[in-house]
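Structure record follows, encoded as structure tokens.
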Amino acid sequence: MTQDQASGLRMMNQPNNEKVKVIAVSGGKGGVGKTSVSINTAVALAEKGKRVLILDADLGLANVDVMLGIRAEKNLSHVLSGESELDDVIVRGPKGIGIIPATSGTQAMVELTSAQHVGLIRAFSEMKTQFDVLIVDTAAGISDMVLSFSRASQDVLIVVCDEPTSITDAYALIKILSREHGVFRFKIVANMVRSLREGMELFAKLSKVTDRFLDVALELVATVPYDENLRKSVRKQKLVTEAFPKSPATIAYHGLANKIISWSVPTQPGGHLEFFIERLVQRNDDEDQASE
Numbered sequence: 001m002t003q004d005q006a007s008g009l010r011m012m013n014q015p016n017n018e019k020v021k022v023i024a025v026s027g028g029k030g031g032v033g034k035t036s037v038s039i040n041t042a043v044a045l046a047e048k049g050k051r052v053l054i055l056d057a058d059l060g061l062a063n064v065d066v067m068l069g070i071r072a073e074k075n076l077s078h079v080l081s082g083e084s085e086l087d088d089v090i091v092r093g094p095k096g097i098g099i100i101p102a103t104s105g106t107q108a109m110v111e112l113t114s115a116q117h118v119g120l121i122r123a124f125s126e127m128k129t130q131f132d133v134l135i136v137d138t139a140a141g142i143s144d145m146v147l148s149f150s151r152a153s154q155d156v157l158i159v160v161c162d163e164p165t166s167i168t169d170a171y172a173l174i175k176i177l178s179r180e181h182g183v184f185r186f187k188i189v190a191n192m193v194r195s196l197r198e199g200m201e202l203f204a205k206l207s208k209v210t211d212r213f214l215d216v217a218l219e220l221v222a223t224v225p226y227d228e229n230l231r232k233s234v235r236k237q238k239l240v241t242e243a244f245p246k247s248p249a250t251i252a253y254h255g256l257a258n259k260i261i262s263w264s265v266p267t268q269p270g271g272h273l274e275f276f277i278e279r280l281v282q283r284n285d286d287e288d289q290a291s292e
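Counted from 1, the sequence shown has number 287 at position 287 by the UniProt record's numbering; the numbering is strictly sequential.
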């Protein structure tokens, strides 16, 4: 896939001439609360009037729809097989957020061929569903798919918790994205921390090692506190932002959503590999002209 073939992700035009914000949420390792951050932030954005679409990019171990207690009849595997259009597999979650579900327990989805990559690109380029923010919930680790989705996005959020393995794996992800894929800016979410101070200390630990060995810029954008309401909401198969709207975690997610709304969208495509081909931009331009 060349850059020219897939240089539309950051430049998707909507009818109101606003660009789509594309955010990859990664974590380096599993168990850091990455999917919880993705979904709760999506709901917080929706409550602020944003149209949000979540792509479950953990293609072999889908969990977004499972976490929400949603039964998805179709998923990305049906799109790749040609059985369905991408718009047809979108399911709706809390506050109307859209979810593109992946499939679970399918090794073939983890090891997509080049032709399947092209099929995925074409499927996105032909989407009719309009949205303001696309949140890509990546898999854990540093697989090719995680790296591709991360470098395709405007902003990369790295979710870290205060465990040595979490910090080590986050560093490894940042290292490979910066040294091999030209991504130099990362937004950090300190998750499941006991206090704001602990979150800042966690960020300082990660910054210390990246400042020493890497040429990257890190920004702490959220500290999400350890909140017993999170466990309660999981048992109810609800989100903490739904079940406990005044809880500390919910307040943190709304703070992150406010920051995301303030982030600018580049007016020109970036230099990273991008998943959505330019036909998407051209199609929307043609539709706008036809309606004039």
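Built from N, CA and C at the ideal position, the CB exists for glycine as well.
Simplified DSSP assignment, three categories, for residue i
i: Ala72; result: coil
i: Phe131; result: coil
i: Val216; result: coil
i: Asp162; result: coil
i: Leu53; result: strand
i: Thr138; result: strand
i: Ala24; result: strand
i: Gly33; result: coil
i: Phe186; result: strand
i: residue 295; result: Here the chain covers residues 1 to 292 and nothing more, so residue 295 does not appear.
i: Lys175; result: helix
i: Asp236; result: Looking at the sequence provided, one finds Lys at residue 236 rather than Asp. The answer is coil: DSSP assigns Lys236 none of H, G, I, E or B.
Euclidean distance between Cα positions of residue i and residue j
i: Val183; j: Glu126; result: 27 angstroms
i: Glu73; j: Ala57; result: 17 angstroms
i: Ser148; j: Ala172; result: 15 angstroms
i: Leu256; j: Pro101; result: 24 angstroms
i: Leu230; j: Val32; result: 13 angstroms
i: Ile176; j: Ile99; result: 28 angstroms
i: Ser143; j: Thr241; result: 31 angstroms
Counterpart residues of residue i in DSSP-defined beta bridges
i: residue 314; result: Within the shown structure, residues of the chain are numbered from 1 to 292, placing residue 314 beyond reach of any answer.
i: Leu157; result: Val25 and Lys187
i: Val91; result: Ile99
Burial state of residue i (16 or more Cβ within 10 Å)
i: Ser264; result: exposed
i: Ala217; result: exposed
i: Leu53; result: buried
i: residue 296; result: Any answer about residue 296 is impossible in this case: the structure gives the chain only from 1 up to 292.
i: Asp137; result: buried
i: Ala204; result: exposed
i: Gly93; result: buried
i: residue 299; result: Since the first and last residues shown for the chain are 1 and 292, residue 299 lies out of range.
Cβ separation of residue i and residue j, assumed to be a contact under 8 angstroms, to the nearest whole Å
i: Lys259; j: Val221; result: 5 angstroms
i: Ala44; j: His254; result: 5 angstroms
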